[in-house]
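S.K.:
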Amino acid sequence: MKLFKFSFLFLLLALGLNVHAQQHELRLNLHYSYAMPLGSFKNDVISNGSPRGVTGDLLYGINNKISVGLGLGFQDFYQKYPRDLYPTGNHETTSAVLSNSVQIMPVLAKAEVHPFNGKRAAVQPYISAGAGLGIISFTQYLGEFGGSDNSAGLMLQGGAGFKVPFNATGSAGLSLGANYNMVNYKKNGFDNFNNINFQAGLYFPLR
Amino acid sequence: MTNKHLLIAVFSVCTASFLSCTKEPLNNLTPQESRIYVTNSDSTVNFSNYKTYSISDSADVLNNGQTHKELTAVDQAYIDAVNKYMQARGFKLVNKNSNPDLGINVNRIYNTATGYYDYNDYWDYYGGYWDPYYWGYGGYDYYVPYSFGIYQVTEGAVSVDMLDLKNANAKGKIAIIWNGLIRGEGIFDSSAADASVKALFDQSTYLQSK
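Sequences listed follow chains A and B, in order. Our numbering applies: residue 1069 is where the first sequence begins, and numbers increase by one. Our numbering applies: residue 6 is where the second sequence begins, and numbers increase by one.
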């Protein structure tokens, strides 16, 4: 019931005020990002969430509902596991503290859709999609011994959120949202670095 | 500066801060956490068939292909720790002239790697960081008459070898049937010896004389 009330309130806000369209406008979205690993990334590599991330989207409004452009970012994942035993060869066992460190830098072609843009709305929901490369740096240490692997893999992103314009023109405001990030990494028995990130920041026009 | 430019500047600073705040694994390890303990064993050996052992009275120091024997306080601490945990597993220390079943060597190993860095690459990369104005010769370029410099890095390890003396005559060789290797920070400190050797034995539960 609470969820229903919240959804109803959100819909009222979304349709409540007039906001101008952002057609033919170049806009920058800047966000702080908190990310959580998912699936095999969470189970096999790093289970801790990452509070060290930023994203930036440079988008051009091709009409009053759809913007397209470039999505960039940086997210740093790190986890140190307590000392444990690892089989490292035939009849060889290594006792070590395992440290995993993963940095992901997305370079995405991105589209953002504002279904209620141009209507009376104080809160603008949006959905987004992106595809491109995830530039990955993966470092693994047993104790102080280890090394890094740098690579780039296919990255797909789907997101949703809402924007709260500062003024009636709607050209700048607050932005809150979340993205599901599929990051391909098939090496040394690893499968992917999929994660979900929650982001909060600002958007404003570049004129 | 407009608000837009200010925001971009703030974002750039934040991005740079995040990049510099990347958790560097090596900076987040204590000396104890930096250490690794590696054990190897001959899976065909039943250690309960061995009852007695003798241990070398000094350490073999293997230093870049040169070997000699030495007994420092650190070596003695490792020898004492090996004795402690061997006897805890039921093995009996005997004189080396009393036909021990096992012989144990404690080794200190040093490997020095020598490399060079190319000054041409070096200055291409970092040249902009040196300020000629600091020396009062603003506008002058630096000139490096030589092309490379040398650096050396020495890495150390402690190893414990367990030798099969019981079957040496029958096999015509002295087989190493167990080996423990200790690497990482602070291992050449006497205070690290007991915990390090304990770790080797803890992960080798099959080392039992009974």
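From the three backbone atoms N, C-alpha and C, an ideal C-beta is built for every residue, glycine too.
(1) Could you check which residue in B:Ala93, B:Thr77, B:Val43, B:Met91 has the C-alpha nearest to that of leucine 186 of chain B?
(2) Out of A:Phe1230, A:Gly1226, A:Lys1148, state which residue places its alpha-carbon closest to the alpha-carbon of aspartate 1016 of chain A.
(3) Let me know the beta strand (DSSP E) ranges lying completely inside the stretch 140 to 208 of chain B, each 3 residues or longer, listed in chain order.
(4) In the DSSP assignment, what are the bridge partners of alanine 1177 of chain A?
(5) At the level of alpha carbons, what is the spacing between glutamine 1267 of chain A and valine 1122 of chain A?
(6) Please identify, using Cβ separations under 9 Å, the residues of the stretch 1156 to 1168 of chain A that lie next to chain B, in order along the chain.
(7) Quick check on valine 158 of chain B: buried or exposed, where buried means 16 or more other Cβ atoms within 10 Å of its Cβ?
(8) Using only CA atoms, which one of A:Val1251, A:Tyr1253, A:Asn1265 lies nearest to leucine 1244 of chain A?
(9) Once the 5 residues before and after asparagine 1131 of chain A are set aside, which same chain residues still bring their CB inside 6 Å of it?
(10) According to DSSP, is phenylalanine 96 of chain B helix, strand or coil?
(11) Closest to methionine 1104 of chain A by CA distance: which of A:Arg1120, A:Leu1098, A:Val1175, A:Leu1096 is it?
(12) How is the alpha helix (DSSP H) around serine 39 of chain B delimited, first residue to last?
(13) If you measure beta-carbon to beta-carbon, which residues of the stretch 1194 to 1224 of chain A are closer than 7 Å to chain B?
(14) What does the alpha-carbon distance come out to for the pair asparagine 1256 of chain A and asparagine 1247 of chain A?
(15) Where does aspartate 47 of chain B fall in DSSP's three states?
(16) If you measure from the beta carbon of leucine 1244 of chain A to each beta carbon in chain B, is any gap under 8 Å?
(17) Given a threshold of 16 other Cβ atoms within 10 Å of its Cβ, counted over all protein chains shown, does histidine 1099 of chain A qualify as buried or as exposed?
(18) Tell me the rounded alpha-carbon separation between leucine 1166 of chain A and leucine 1106 of chain A.
(19) Anything in the stretch 25 to 45 of chain B with a Cβ closer than 8 Å to a Cβ of chain A? List those residues in chain order, please.
(20) Can the beta-carbon of tyrosine 39 of chain B be found less than 8 Å from the beta-carbon of glycine 1215 of chain A?
(21) What residues in the stretch 1228 to 1257 of chain A have a beta carbon less than 8 Å from any beta carbon of chain B?
(22) Going by beta carbon distance, what residues of the same chain come within less than 6 Å of leucine 1274 of chain A, once the five residues before and after it are set aside?
(23) Identify every run of the beta strand (DSSP E) within the stretch 50 to 116 of chain B, keeping only runs that are complete inside it and at least 3 residues long; order them along the chain.
(24) From B:Ala78, B:Asp106, B:Val202, pick the residue whose C-alpha is nearest to that of isoleucine 179 of chain B; which is it?
(25) Quick one, are the C-beta atoms of phenylalanine 232 of chain B and threonine 49 of chain B less than 8 Å apart?
(26) Mapping the DSSP letters down to three states, classify phenylalanine 1261 of chain A as helix, strand or coil.
(27) Is the Cβ of arginine 94 of chain B closer than 8 Å to any Cβ of chain A?
(28) What's the C-alpha gap between tyrosine 1261 of chain A and glutamine 1171 of chain A?
(29) Does the distance from the CB of asparagine 1263 of chain A to the CB of methionine 1223 of chain A come in under 8 Å?
(30) Beta carbons nearer than 7 Å to chain B: which residues of the stretch 1168 to 1183 of chain A have them?
(31) Closer than 7 Å by beta-carbon distance: list the chain A residues that pair up with serine 3 of chain B, in chain order.
(32) Against chain B, which members of the stretch 1137 to 1152 of chain A pass a CB distance test of less than 7 Å?
(33) Let me confirm a value: threonine 117 of chain B is counted as buried when at least 16 other C-beta atoms fall within 10 Å, else exposed. Which label applies?
(34) Taking phenylalanine 1213 of chain A as the reference, which of B:Val99, B:Ala204, B:Gly189, B:Asn33 has the closest Cα?
(35) Quick check on the DSSP output: what are the complete alpha helix (DSSP H) runs of length 4 or more inside the stretch 1205 to 1259 of chain A, in order along the chain?
M.R.: Result, derived from the coordinates:
(1) Here residue 186 of chain B is taken as the residue at index 181 of the second sequence, counted from 1. Nearest option by C-alpha distance: B:Val43.
(2) It is not possible to answer for residue 1016 of chain A, since the shown part of chain A is limited to 1069 through 1275.
(3) DSSP runs (the beta strand (DSSP E)) wholly in the stretch 140 to 208 of chain B: 153 to 169, 180 to 188.
(4) For this step, residue 1177 of chain A is matched to residue 109 along the first sequence. According to DSSP, alanine 1177 of chain A bridges with A:Leu1138, A:Ala1199.
(5) Counted from its first residue, the first sequence places residue 1267 of chain A at position 199. Counted from its first residue, the first sequence places residue 1122 of chain A at position 54. Their backbone Cα atoms lie some 8 Å apart in a straight line.
(6) Hits within the stretch, in order: Thr1156, Gly1157, Asn1158, His1159, Glu1160, Thr1161, Thr1162, Ser1163, Ala1164, Val1165, Ser1167, Asn1168.
(7) The count along the second sequence starts at 1 and reaches residue 158 of chain B at position 153. Counting Cβ neighbours within 10 Å, valine 158 of chain B comes out exposed, since fewer than 16 surround it.
(8) Residue 1244 of chain A sits at position 176 when you count from the first residue of the first sequence. The candidate whose alpha carbon is nearest that of leucine 1244 of chain A is A:Asn1265.
(9) Counting from one through the first sequence, the residue named residue 1131 of chain A turns up at place 63. The beta carbon of asparagine 1131 of chain A is closer than 6 Å to those of Gln1091 in its chain, skipping five residues each way along the sequence.
(10) By one-based count along the second sequence, residue 96 of chain B stands at place 91. Three-state result, phenylalanine 96 of chain B: coil.
(11) Within the first sequence, residue 1104 of chain A is the residue found at index 36, counting from 1. When each option's Cα is compared against that of methionine 1104 of chain A, the closest is A:Arg1120.
(12) By one-based count along the second sequence, residue 39 of chain B stands at place 34. Start and end: 36 to 39.
(13) Per Cβ criterion, the list reads Thr1207, Tyr1209, Leu1210, Gly1211, Glu1212, Phe1213.
(14) As a first step, residue 1256 of chain A must be located in the first sequence, where it is residue number 188. As a first step, residue 1247 of chain A must be located in the first sequence, where it is residue number 179. Rounded to whole angstroms, asparagine 1256 of chain A to asparagine 1247 of chain A spans 27 Å at the Cα level.
(15) For the purposes of this step, residue 47 of chain B is identified with residue 42 of the second sequence, where counting begins at 1. In this structure, aspartate 47 of chain B counts as coil in the three-state DSSP scheme.
(16) Here residue 1244 of chain A refers to the residue found at position 176 when the first sequence is read from its first residue. Contact with chain B is absent for leucine 1244 of chain A, since none of that chain's Cβ atoms lies less than 8 Å from the residue's Cβ.
(17) On the first sequence, residue 1099 of chain A is found 31 positions in, with the first residue counted as 1. By the beta-carbon neighbour count (other beta carbons within 10 angstroms, threshold 16), histidine 1099 of chain A is buried.
(18) Here residue 1166 of chain A refers to the residue found at position 98 of the first sequence. Here residue 1106 of chain A refers to the residue found at position 38 of the first sequence. Computed Cα separation, rounded: 19 Å.
(19) Within the stretch 25 to 45 of chain B, the qualifying residues are Cys26, Thr27, Lys28, Glu29, Pro30, Leu31, Asn33, Leu34, Glu38, Ser39, Arg40, Ile41, Tyr42, Val43, Thr44, Asn45.
(20) For this step, residue 39 of chain B is matched to residue 34 along the second sequence. For this step, residue 1215 of chain A is matched to residue 147 along the first sequence. First, the amino acid is wrong: residue 39 of chain B is serine here, not tyrosine. Cβ distance not < 8 Å, so serine 39 of chain B and glycine 1215 of chain A don't count as in contact.
(21) Within the stretch 1228 to 1257 of chain A, no residue has its Cβ closer than 8 Å to any Cβ of chain B.
(22) What you label residue 1274 of chain A is simply residue 206 of the first sequence in a count that begins at 1. Within the same chain, Leu1094, Leu1096 come within 6 Å of leucine 1274 of chain A by CB-CB distance, once the 5 residues on both sides are set aside.
(23) At a cut-off of 3 residues, the continuous stretches assigned as beta strand (DSSP E) that sit fully inside the stretch 50 to 116 of chain B are 57 to 60, 64 to 68, 71 to 75.
(24) Here residue 179 of chain B refers to the residue found at position 174 when the second sequence is read from its first residue. Each of B:Ala78, B:Asp106, B:Val202 was checked against the Cα of isoleucine 179 of chain B, and the nearest Cα belongs to B:Asp106.
(25) The structure shown has nothing for residue 232 of chain B, since chain B only spans 6 to 215.
(26) Residue mapping note: residue 1261 of chain A aligns to position 193 of the first sequence, counting from 1. Look at phenylalanine 1261 of chain A here: in three-state DSSP terms it is coil, with no helix or strand label.
(27) The sequence position of residue 94 of chain B within the second sequence is 89, counting from 1. Chain A contact via Cβ: absent.
(28) Within the first sequence, the letter at position 193 stands for residue 1261 of chain A. Within the first sequence, the letter at position 103 stands for residue 1171 of chain A. Reading off the sequence, residue 1261 of chain A comes out as phenylalanine, not tyrosine. In this structure, the straight-line span from the alpha carbon of phenylalanine 1261 of chain A to that of glutamine 1171 of chain A is close to 10 Å.
(29) Within the first sequence, the letter at position 195 stands for residue 1263 of chain A. Within the first sequence, the letter at position 155 stands for residue 1223 of chain A. The beta carbons of asparagine 1263 of chain A and methionine 1223 of chain A sit no closer together than 8 Å.
(30) Those residues of the stretch 1168 to 1183 of chain A that come within reach of chain B (Cβ to Cβ, closer than 7 Å) are Ser1169, Gln1171.
(31) Look at the range of chain B in this structure, 6 to 215, and you will see that residue 3 of chain B is not part of it.
(32) So the list reads Phe1142, Asp1144, Tyr1146, Lys1148, given in the order they occur along the chain.
(33) Within the second sequence, the letter at position 112 stands for residue 117 of chain B. Around the Cβ of threonine 117 of chain B, a 10 Å sphere holds fewer than 16 other Cβ atoms; the residue is exposed.
(34) The residue labelled residue 1213 of chain A in the question sits at position 145 within the first sequence. Closest by alpha carbon: B:Gly189.
(35) Secondary structure remark: continuous alpha helix (DSSP H) runs of at least 4 residues inside the stretch 1205 to 1259 of chain A: none found.
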